[in-house]
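**Student:** Chains as they are written, first to last, in my numbering: chain A, 1 to 258; chain B, 1 to 420.
Virtual Cβ for every residue (Gly too), placed ideally from N, Cα, C.
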């Protein structure tokens, strides 16, 4: 028996295929470009290929994320909060404050000793897209997003990128370039800006764990968050896959009749 | 247009004395809180402070602290702590800055030798300006387990009627037992009359200082005014405020007599409505100086002018003054007031600052700028921003709009510059 979980996000679609005993045997990450349906199909196909399985082998498929409603073959859809909390708790098995930072809307989730979600705070409307904001910043700095972190490590101090409106923040980046700030300082400033937005959402109390794609590609955000909060902040294993893993675990519950 | 700032306004010599006066104020309240030598109250900036003065309180004004947090650009470093506690980024950024500062233990008052804002024995508000002040004070009331009392005032008042005044007087009278109990003394009529007399005197002197902006060239601008208004806020009802404004008034009158302006050259004259953008005072001052445009008057600086105060009828005149405040009025009286200021200060244009987190002190949301333009023929400009939260302010957008506005004034006809 195999089950699958998928997280159809605004920046990437993540898919995991697991066996009946919970062992992950296939995984895939596909950039979200064009229609969610196509990206989802591609990710599922890749994950099933790695697992040497076919769609017909799936006993259950749980899908989460912004584009979950576009996955027609899903047997169930579940919220991102529950899936990320489940994925993170699977790794850690302890209470935590989970900060999920994806492309669209970050959230702070408090998880108890049983893995249950106690509370969730999401970012306010004006500050959505803060992961995507880093992509915009890369464009203005004329580097590929994967190079933004390298650039940030060249800076001694972050430039101040303060706006919580992504559009205004982009203008700030342009103003900083005009005023002579280095690309590294702006790259680092953009990461601190993301950390500052998260600090405004809820009080962070340890242990603070991070999931989502942003920390995988931009670990400077994690460092900035640790510095701003004064708490030790750690990244869960395979942070970008946390939502898909949680979805796969719910799929396993479903297949087992849970 | 290049945006290189140029040396701005000629500094006022009184500035040195201002620093001493403000420093002594902070030190005095802090000492009273630490040594328990006098009761300490927090009061809203246009609250009934005269009652506190008459009862011997040392008084701290957290809005002044909010402005300091903004002017030092510390506000955005600390306000996130208040947001995380559930105080929305959409509410007053003085409130969120001040509470964030308390939670983070970081304040510009440390530059004055204080470890933080002095702890209060009592907090006294008036909602004549907004509801936020009450919520703000209640946070500290819970933190310190001290009384929070105040006046729930009328808002959007058209004409101030006797029944409005009666209602506020009754509330002021109702405050007295609690204020007396915390102070440990009785309110004496002569002391209240003295406090009201001092408030009125300092208010008159401050008004006279602001009139220096009506001279051509203007001897005082809004940007100077926002700094020199400190004693009008935190020392209202004291001799120190009167002494300071006598000094400033003399200096400004000397400037006017000498035909000296705050700017080296003045081509245009602007009126500023709404809150200052505290974190950008210097930048905006330099921008207007480069554009040879004096911001000659403002609603904001005039908010601490209380013409109604009368020591012969202290409580009733305090009530009247609190109700006559611009911020507490309906659009009709606001319109009339702005029209009179346009005439009195001979302004070429009116700038409305739409402050994101201060809707009560933003007057561009119900068509007032457009009506004022129609009534007076004076061009108007609305800029978006905030008093403290610089995330709501775009330098580029504001500069471009202001530069475009001055170009618009230039297009209205040549003006002979007035040199200082």
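#1: Would you identify the three-state DSSP class for residue 92 of chain A, choosing helix, strand or coil?
#2: At the 8 angstroms Cβ level, is residue 143 of chain B part of the contact set with chain A, yes or no?
#3: On a CA-only basis, which of A:145, A:1, A:78 and A:65 is nearest residue 13 of chain A? Give me that one, please.
#4: Just verifying my parser: in three-state terms, what is the DSSP assignment at residue 58 of chain A?
#5: Leaving out the 5 sequence neighbours to the left and right, which residues in its chain are closer than 7 angstroms to residue 170 of chain A when beta-carbon positions are compared?
#6: For residue 1 of chain B, does the three-state DSSP call read helix, strand or coil?
#7: Nearest by alpha-carbon distance to residue 274 of chain B: which of B:403, B:334, B:256 and B:127 is it?
#8: If you draw a straight line from the alpha carbon of residue 36 of chain B to that of residue 107 of chain B, how long is it in whole angstroms?
#9: Can you give the beta carbon distance from residue 232 of chain B to residue 241 of chain B, rounded, assuming they're within the 8 angstroms contact cut?
#10: Flag residue 217 of chain A as yes if its beta-carbon sits less than 8 angstroms from any beta-carbon of chain B, otherwise no.
#11: Residue 27 of chain A by DSSP, collapsed to three states: which one?
#12: Just to confirm my understanding: we take residue 160 of chain B, look at its own chain, exclude 5 residues before and 5 after, and list those with CB closer than 8 angstroms. What are they?
#13: State whether the segment 249-260 of chain B contacts the segment 299-318 of chain B, with contact taken as three or more CB pairs (one from each stretch) at a distance under 8 angstroms.
#14: Would you say residue 286 of chain B faces chain A, with C-beta separation under 8 angstroms as the test?
#15: Mapping DSSP to helix, strand and coil, what is residue 66 of chain A?
#16: Closer than 8 angstroms by C-beta to residue 201 of chain B: which residues in its own chain qualify, once you throw out the five before and the five after it? Chain order, please.
#17: If you reduce the DSSP assignment to three classes, tell me which class residue 44 of chain B lands in.
#18: Tell me the DSSP secondary structure of residue 156 of chain B in three-state form.
#19: Is the shortest distance between the beta-carbon of residue 396 of chain B and the beta-carbons of chain A less than 8 angstroms?
#20: Output the residue ranges of the alpha helix (DSSP H) runs that lie fully inside the segment 345-395 of chain B and measure 4 residues or longer, sorted by chain position.
#21: State the start and end residues of the unbroken alpha helix (DSSP H) segment that holds residue 136 of chain B.
#22: Step through the CB atoms of chain B and report whether any lies within less than 8 angstroms of the CB of residue 30 of chain A.
#23: Can you tell me the Cα-Cα spacing of residue 330 of chain B and residue 156 of chain B, whole angstroms?
#24: Mind listing the chain A neighbours of residue 76 of chain B? Cutoff is C-beta to C-beta under 9 angstroms, in chain order.
#25: What residue range does the beta strand (DSSP E) around residue 192 of chain A cover?
#26: Between residue 391 of chain B and chain A, is there a C-beta pair that is closer than 8 angstroms?
#27: Using the three-state DSSP reduction, which class does residue 85 of chain B fall into: helix, strand or coil?
#28: Do the segment 214-223 of chain A and the segment 244-255 of chain A meet, that is, are 3 or more Cβ pairs less than 8 angstroms apart?
#29: What residue range is occupied by the uninterrupted alpha helix (DSSP H) comprising residue 135 of chain A?
#30: Would you call residue 7 of chain B buried or exposed, if buried means 16 or more other Cβ atoms sit within 10 Å of its Cβ?
#31: What in chain B is Cβ-close to residue 202 of chain A, meaning under 8 angstroms?
#32: Mind checking whether residue 236 of chain B and residue 208 of chain B have CB atoms under 8 angstroms apart?
#33: At a Cβ cut of 8 angstroms, what residues of the segment 89-111 of chain B count as close to chain C, listed as they run along the chain?
#34: Quick one: using the 10 Å Cβ neighbour count with 16 as the cut-off for buried, is residue 388 of chain B buried or exposed?
#35: Report the rounded CA-to-CA distance for residue 288 of chain B versus residue 276 of chain B, giving the unit in angstroms.
#36: Relative to the C-alpha of residue 409 of chain B, which candidate in B:34, B:380, B:396 and B:197 has its C-alpha closest?
**Tutor:** Checking against the coordinates, here is how it stands:
#1: Taking the first chain and counting its residues from 1, the one referred to as residue 92 of chain A is at position 92. The answer is helix: DSSP assigns residue 92 of chain A an H, G or I state.
#2: Within the second chain, the letter at position 143 stands for residue 143 of chain B. At a cut-off of 8 angstroms between C-beta atoms, residue 143 of chain B does not count as an interface residue with respect to chain A.
#3: What you label residue 13 of chain A is simply residue 13 of the first chain in a count that begins at 1. The residue from A:145, A:1, A:78 and A:65 with its alpha-carbon nearest to that of residue 13 of chain A is A:65.
#4: As a position in the first chain, residue 58 of chain A is number 58, starting the count at 1. In the structure shown, residue 58 of chain A sits in a strand (DSSP, three-state: E or B).
#5: For the purposes of this step, residue 170 of chain A is taken as the residue at position 170 of the first chain. Answer for residue 170 of chain A: 136 and 140, listed in chain order.
#6: Taking the second chain and counting its residues from 1, the one referred to as residue 1 of chain B is at position 1. Its pLDDT being 37, under 50, residue 1 of chain B is placed unreliably in this model, and the coordinates cannot settle the point.
#7: Taking the first residue of the second chain as position 1, residue 274 of chain B is located at position 274. Looking at the Cα atoms, B:334 is the closest of the given residues.
#8: Counting from 1 along the second chain, the entry for residue 36 of chain B is found at position 36. Counting from 1 along the second chain, the entry for residue 107 of chain B is found at position 107. Across the structure, residue 36 of chain B and residue 107 of chain B are spaced so that their CA atoms are roughly 22 angstroms apart.
#9: Counted from its first residue, the second chain places residue 232 of chain B at position 232. Counted from its first residue, the second chain places residue 241 of chain B at position 241. Confirmed, Cβ separation roughly 6 angstroms.
#10: Looking up residue 217 of chain A in the first chain gives position 217. With 8 angstroms as the cut-off, residue 217 of chain A does not count as an interface residue toward chain B.
#11: Mapped onto the first chain, residue 27 of chain A falls at position 27. Under the three-state reduction of DSSP, residue 27 of chain A is assigned to strand.
#12: Walking along the second chain from the start, residue 160 of chain B turns up at place 160. Excluding positions up to five away in sequence, the list reads 320, 323 and 324.
#13: Output reads no: the segment 299-318 of chain B does not touch the segment 249-260 of chain B.
#14: Your numbering for residue 286 of chain B matches position 286 in the second chain. Closer than 8 angstroms: no.
#15: In the first chain, counting from the first residue as 1, residue 66 of chain A sits at position 66. Residue 66 of chain A falls in the coil class under three-state DSSP.
#16: Position 201 of the second chain, counted from the start, is the residue given in the question as residue 201 of chain B. Here the set comprises 242.
#17: Locating residue 44 of chain B in the second chain gives position 44, where the first residue counts as 1. For residue 44 of chain B, the three-state secondary structure derived from DSSP is coil.
#18: Translated into positions along the second chain, residue 156 of chain B becomes position 156. Looking at residue 156 of chain B - three-state DSSP - the assignment turns out to be coil, as it is neither helix nor strand.
#19: Taking the first residue of the second chain as position 1, residue 396 of chain B is located at position 396. When Cβ-Cβ separations below 8 angstroms define contact, residue 396 of chain B makes contact with chain A.
#20: Fully enclosed alpha helix (DSSP H) runs of 4 or longer: 368-376.
#21: Taking the second chain and counting its residues from 1, the one referred to as residue 136 of chain B is at position 136. 132-144 is the span of the alpha helix (DSSP H), which, as asked, contains residue 136 of chain B.
#22: On the first chain, position 30 is the one that residue 30 of chain A refers to. False, the Cβ-Cβ gap to chain B never drops below 8 angstroms.
#23: Counting from 1 along the second chain, the entry for residue 330 of chain B is found at position 330. Counting from 1 along the second chain, the entry for residue 156 of chain B is found at position 156. Their backbone Cα atoms lie some 4 angstroms apart in a straight line.
#24: The sequence position of residue 76 of chain B within the second chain is 76, counting from 1. Close to residue 76 of chain B, with beta-carbon spacing below 9 angstroms, are these residues of chain A in chain order: 160, 162 and 196.
#25: What you label residue 192 of chain A is simply residue 192 of the first chain in a count that begins at 1. Secondary structure note for residue 192 of chain A: it is in no beta strand (DSSP E), and the uninterrupted alpha helix (DSSP H) holding it is 183-199.
#26: Here the question's residue 391 of chain B lines up with position 391 in the second chain. Answer yes: the Cβ-Cβ gap between residue 391 of chain B and chain A drops below 8 angstroms somewhere.
#27: Translated into the one-based positions of the second chain, residue 85 of chain B becomes position 85. Residue state, collapsed to three classes: coil.
#28: Verdict: no, contact absent.
#29: One-based indexing of the first chain puts residue 135 of chain A at position 135. Looking at the DSSP string, the run of the alpha helix (DSSP H) that includes residue 135 of chain A is 130-141.
#30: Here residue 7 of chain B refers to the residue found at position 7 of the second chain. Annotation note: pLDDT 39 at residue 7 of chain B (below 50); position unreliable, coordinate value reported separately. Residue environment analysis places residue 7 of chain B among the exposed positions, since fewer than 16 neighbouring C-beta atoms fall within 10 angstroms of its C-beta.
#31: On the first chain, residue 202 of chain A is found 202 positions in, with the first residue counted as 1. Neighbours of residue 202 of chain A on chain B, chain order: 84.
#32: In the second chain, the residue the question calls residue 236 of chain B occupies position 236. In the second chain, the residue the question calls residue 208 of chain B occupies position 208. It is not a contact, given that the beta carbons lie outside the stated cut-off.
#33: No chain C is part of this structure, whose protein chains are labelled A and B.
#34: Numbered from 1 along the second chain, position 388 holds the residue referred to as residue 388 of chain B. Residue environment: residue 388 of chain B is assigned as buried (16 or more neighbouring CB atoms within 10 Å of its CB, all protein chains considered).
#35: Walking along the second chain from the start, residue 288 of chain B turns up at place 288. Walking along the second chain from the start, residue 276 of chain B turns up at place 276. Straight-line Cα distance between these residues: approximately 14 angstroms.
#36: Taking the second chain and counting its residues from 1, one reaches residue 409 of chain B at position 409. Among B:34, B:380, B:396 and B:197, the Cα nearest to that of residue 409 of chain B belongs to B:380.
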